[in-house]
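Each protein sequence line maps, in turn, to chains P and D.
Taken in order, the first sequence gives residues 769 to 1260; the numbers are from this note's numbering.
Taken in order, the second sequence gives residues 769 to 1260; the numbers are from this note's numbering.
All remarks here apply to the structure that follows.
Number of protein chains: 2
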Amino acid sequence: MSSRTIQVSPFDLVVFGGTGDLAARKLLPALYHRDLAGQIPHDARIIGVSRRPLSREDYGRFVCEALDQFVKPADKNAEAIERFIARADYQPADASKEAGWPELAKLLSSGADRVRAFYFAVAPELFAPLSQRIQQFGLVTPGSRVVLEKPLGKDGESARAVNDAVAEVFNESQVFRIDHYLGKETVQNLMALRFANRLFEPVWNSTHIDHVQITVAEDIGVGDRGGYYDTSGAMRDMLQNHIMQLLCLTAMEPPDAFEADAVRDEKLKVLKALKRIDDRNADQMTVRAQYRAGSVGGKPATGYLDDLGREDSQTETFVAIRAEIANWRWAGVPFFLRTGKRLAKRTSEIVVNFRPISHNIFDQMAGRVSQNRLILRLQPDEGVTLEVTIKDPGPGGMRLRRIPLDMSFAETFGVSNPDAYERLLMDVIRGNQTLFMRADEVAAAWRWVDPIHAAWIHNDQRIHTYPAGSWGPSASVALIERDGRTWFEDAE
Amino acid sequence: MSSRTIQVSPFDLVVFGGTGDLAARKLLPALYHRDLAGQIPHDARIIGVSRRPLSREDYGRFVCEALDQFVKPADKNAEAIERFIARADYQPADASKEAGWPELAKLLSSGADRVRAFYFAVAPELFAPLSQRIQQFGLVTPGSRVVLEKPLGKDGESARAVNDAVAEVFNESQVFRIDHYLGKETVQNLMALRFANRLFEPVWNSTHIDHVQITVAEDIGVGDRGGYYDTSGAMRDMLQNHIMQLLCLTAMEPPDAFEADAVRDEKLKVLKALKRIDDRNADQMTVRAQYRAGSVGGKPATGYLDDLGREDSQTETFVAIRAEIANWRWAGVPFFLRTGKRLAKRTSEIVVNFRPISHNIFDQMAGRVSQNRLILRLQPDEGVTLEVTIKDPGPGGMRLRRIPLDMSFAETFGVSNPDAYERLLMDVIRGNQTLFMRADEVAAAWRWVDPIHAAWIHNDQRIHTYPAGSWGPSASVALIERDGRTWFEDAE
């Protein structure tokens, strides 16, 4: 155990959807890494639950295969893997019937005084019935909590239905709505940069910031998720959660403490201050689009309708929005948000563009002076880059040059960043909700998104197309250029 | 010629003291480097003048030896050296008699329409008589200028006498008072950082800056310069010029243009706004000291009196001052200045210490949050480092860590920094006085320094001692610690 790792309390983690894709790819590897680091007490248990009739030994093999496939070779340690598998138990059960639940209750009864976490790694339709079964079998202890994976509904109404159903069984202080973007090092570094440095907060406002861009770009298409995706779309699948959360953390006022409700109160204020976009202005402030055939990374890529196997769809695979926050700090500063599938590359980033200097004293010599930018990359390579202008070395005049100051964490510290789920799972066990969404935040986000969706339908707003492998439709470029700004990747 | 090098106009550079140490070590190598870079026109001439009865060929050998000794092997190029030596001419002459001056006039007559620069690399007592001879022999053309090396007098009165004598022959616009610190890349980068970035100017004031430290430390002693040094001391030799110039550039208001008089007007305002230190408060605000025997770099080092060969001296080899600038931007922000010989290492730096964050939201988790610092190193390795606080990577709480963001120029650009004299000599030829001191600046600096000297004598202020190889006397530590601050090297 590293000297800097503090063990969490003993816990039982019950993973519904324990044989699913998320469990195999993310949850089990993340728990293994924390175990390897010595953060998990020796008697903590991981209990997989799903419909599949597996034995404890079968599940051990599932866990073993998951680690084999999704843990880097360098992190594989036979002894640690054996110890980890010994933590894993399994109970077949599902929400639709009572079978298996008494056995689950019995299994858990030996840890009644521990932290007990129910992880709902299943479709949201099951959140309500699962909560009911948990209640029916008396599984909720004072130390219990529940983790909800997205999507939390497809609009305000359905999200409220889910939240209400869960709220009948769990207090809000027990509910952990997970958005793995918030577990990323870069996002937490945004907090550190803003609130642990004297330098940034004084210039973090409309006086000094020109505009902000938040991009979550995927290069993959919908693949075999087309059926689900077509009922959702880029706005609900990515913008309403990931991008709006990043927006909140970028724009919020300093909370008085780095604690769950203090932070979430400030995020909520941002969501409430977003200027409404609806029938009147959606065509000016938003762009929706669908990818058509093109090429990604030099290889031909099919279009969305082909991927879907349909003639027609009104679902957007790309959305760009010009958002504004109507408060003292941000009035007049546009936040350009965009997300899409089959874009030029996989990248998620927040780009804070500072205003130009107010007066160029180097006018004759240097021409236009580059603007400062702070670039927070969430993926693929997490890191923060501050771009500053310095003098080009040499005995001539005052030539200026913009250079990147790189705070890439892996490089600086010689360590690899932990996966977001590692942190977030440990926060669940620790009972720290700071990086999880509160119900009123989810509701407020939908209150902003729903009128945009409604406007698209009401106005029959055009669905643009863009070739797979591009940066979206030209309408997205037009959206930002009308404002005299340029998307980050074009501004390079 | 590099595509980014712009040739200067044809010129004749007359170096009085042409066979001296400064010419050999600095001026000739700097000119050679500019020649190598293609910045010097083919017909430009360098004319050495001194008492020594050398021929042109003799001087060619002197130049050749100087380059051999003081140019890095990698920069030596036989063809370029030969070309450079061909530019060099020589004329024996001195200010005390007329011999040689008619020949110098004849030599220069063939370049009457060129830029003509007289470089006074001689003792300041000769500045007046040299100027008179130059006038007597009609050598001042419209394109003429004169370069004055420090020291410019030993107090306000003697400096004014020198400036007045030079002013009888040259206009102020023709006078280039050189301080090679101002030619350093880092100093010019201070201007670029402050005035070409939106980020820094808004926090460059007493609201956000806690205090500033300026240190010019030498590890060498007085060596065989003791005779001269004992009539001068650290205050006159280093503080009144180098440190006060750095103070001005750090503290000045943004000039409206990066032009000579705009910049010098702002520097002058800083000098005028310095709070007076005199009989009343010199013992609180200043420390003077002399090195005694000690060890430097593991080797025993003699004390100042031994170096001097005397029983007693009242000359300081170290001075530390707590300065304050009485204006809106800086009221209440102490500027700690210090310079000395035989200190722990050779280093010159400006350290801008920002205030702590106004409120620590990470209180429970992170303890005290480090303050931001901007460190401008002038030597030995030029560079700028911005210290910021980021999150320590890892899935635990919000541990914070201060990391240095390095803007070291050589590293960033893969080039070596030009010597300060290279830039300054080219500025002389270009007629750009931005990085040179105006007469009223020199006078204002003395007006602040003279009362401190007078107070030391009037109050018989104690001369502390410090062991060679230390960071000065404990009284210097006490000076800053009384204010609740700590010298940079101790704060590491």
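By construction, the Cβ of each residue, glycine as well, lies at the ideal position given by its N, Cα and C atoms.
Integer Cβ distance of residue i from residue j, believed to fall under 8 angstroms
i, j, result
"Ala1057 of chain D", "His1232 of chain D", "4 angstroms"
"Leu898 of chain D", "Phe784 of chain D", "6 angstroms"
"Phe1086 of chain P", "Ile977 of chain P", "26 angstroms between Cβ atoms; not a contact."
"Leu1105 of chain P", "Val1137 of chain P", "Leu1105 of chain P to Val1137 of chain P, Cβ: 28 angstroms. No contact."
"Gly1240 of chain P", "Ala1088 of chain P", "7 angstroms"
"Ile1125 of chain P", "Asn965 of chain D", "7 angstroms"
Closest by C-alpha distance to residue i, when choosing among the options
i, options, result
"Gln900 of chain D", "D:Phe938, D:Ser926, D:Arg884", "D:Phe938"
"Val990 of chain D", "D:Gly1071, D:Pro1241, D:Leu822", "D:Gly1071"
"Lys722 of chain P", "P:Arg1230, P:Lys1035, P:Leu1144, P:Ser1238", "This structure cannot settle anything about residue 722 of chain P, because the visible part of chain P is limited to 769 through 1260."
"Leu1146 of chain P", "P:Ile1118, P:Ile1125, P:His1127", "P:Ile1118"
"Glu850 of chain D", "D:Asp836, D:Asp862, D:Ala1243, D:Ala863", "D:Asp836"
"Glu953 of chain D", "D:Asp1187, D:Asn965, D:Gly1199", "D:Asp1187"
"Pro892 of chain D", "D:Leu1042, D:Pro1219, D:Val1156, D:Lys922", "D:Lys922"
"Lys874 of chain D", "D:Ile902, D:Ile853, D:Glu1150, D:Arg1090", "D:Ile902"
"Glu887 of chain D", "D:Ala880, D:Ser912, D:Arg1097", "Before going on, a small fix: residue 887 of chain D reads as Tyr here, not Glu. Of the listed residues, the one whose Cα sits closest to Tyr887 of chain D is D:Ser912."
"Arg945 of chain P", "P:Thr975, P:Trp1224, P:Gln1229, P:Leu1193", "P:Leu1193"
"Thr1054 of chain P", "P:Leu822, P:Gly806, P:Arg1250, P:Ala798", "P:Arg1250"
"Phe830 of chain D", "D:Leu790, D:Ala1246, D:Tyr1234, D:Glu1079", "D:Leu790"
"Asn1185 of chain P", "P:Asp1228, P:Lys840, P:Tyr827, P:Glu936", "P:Lys840"
"Gln942 of chain D", "D:Pro910, D:Ala846, D:Asp1218", "D:Pro910"
"Lys865 of chain D", "D:Ala880, D:Ser818, D:Glu847, D:Val908", "D:Ser818"
"Pro1161 of chain P", "D:Glu847, D:Ile1171, D:Ser1176", "D:Ser1176"
"Pro821 of chain D", "D:Gly786, D:Ala846, D:Trp1214", "D:Gly786"
"Ile982 of chain D", "D:Tyr997, D:Val1120, D:Phe963", "D:Val1120"
"Leu1144 of chain D", "D:Val1217, D:Pro1172, D:Met1006", "D:Pro1172"
"Ala960 of chain D", "D:Ala1099, D:Pro1023, D:Ser926", "D:Pro1023"
Interface residues of chain C facing residue i [CB-CB closer than 7 angstroms]
i, result
"Val1137 of chain D", "The displayed structure is made up of protein chains P and D, and chain C is not among them."
Contacts around residue i, its chain only, beta-carbon distance under 7 angstroms, and the 5 residues preceding and following it disregarded
i, result
"Glu1209 of chain D", "Arg1032, Lys1035, Leu1036, Leu1039"
"His1226 of chain D", "Asp1047"
"Ser770 of chain P", "For Ser770 of chain P, the predicted model reports a pLDDT of 43, less than 50, meaning its position is unreliable; a value from the coordinates is still stated below. Hits under 7 angstroms: Ala805, Gly806."
"Asp1029 of chain P", "none"
"Gly868 of chain P", "Gln859, Pro860, Ala861"
Which residues DSSP lists as bridging residue i, in chain order
i, result
"Phe886 of chain D", "D:Val782, D:Val914"
"Val1156 of chain D", "D:Ile1171"
"Asp857 of chain D", "D:Ile815"
"His1232 of chain D", "D:Ala1057"
"Arg1106 of chain P", "P:Thr983, P:Ala1088"
"Glu1117 of chain D", "D:Thr983, D:Arg1145"
"Ser1238 of chain D", "D:Leu1111"
"Val943 of chain D", "D:Val914"
8 angstroms Cβ cutoff met for residue i and residue j
i, j, result
"Arg855 of chain D", "Arg813 of chain D", "yes"
"Gln1013 of chain D", "Leu950 of chain D", "yes"
"Ile1129 of chain D", "Ala1025 of chain P", "yes"
"Leu796 of chain P", "Ala834 of chain P", "yes"
"Leu1111 of chain P", "Thr1018 of chain P", "no"
"Gly816 of chain P", "Tyr858 of chain P", "yes"
"Ile1197 of chain D", "Val914 of chain D", "no"
"Pro919 of chain D", "Arg1004 of chain D", "yes"
"Ala1212 of chain D", "Asp1046 of chain D", "no"
"Ala1002 of chain D", "Gly1108 of chain D", "yes"
"Leu872 of chain D", "Ala861 of chain D", "yes"
"Lys1159 of chain P", "Gln1201 of chain D", "no"
"Phe968 of chain D", "Ala933 of chain D", "no"
"Ser974 of chain D", "Gly1100 of chain D", "yes"
"Pro1163 of chain P", "Arg1230 of chain D", "no"
Cβ neighbours of residue i in the same chain (closer than 6 angstroms, five flanking residues each side left out)
i, result
"Arg1253 of chain P", "His979"
"Lys1043 of chain P", "Glu1092, Ala1094"
"Asp1174 of chain D", "Thr1153"
"Lys794 of chain P", "Tyr1189"
"Met1020 of chain D", "Glu1034, Lys1035, Val1038"
"Ala1041 of chain D", "Ile1093, Ala1094, Asn1095"
Contacts around residue i, its chain only, beta-carbon distance under 8 angstroms, and the 5 residues preceding and following it disregarded
i, result
"Pro1148 of chain D", "Arg1114, Thr1115"
"Ala1061 of chain P", "Pro1068, Ala1069, Thr1070, Gly1071, Asp1074, Pro1235, Ala1236"
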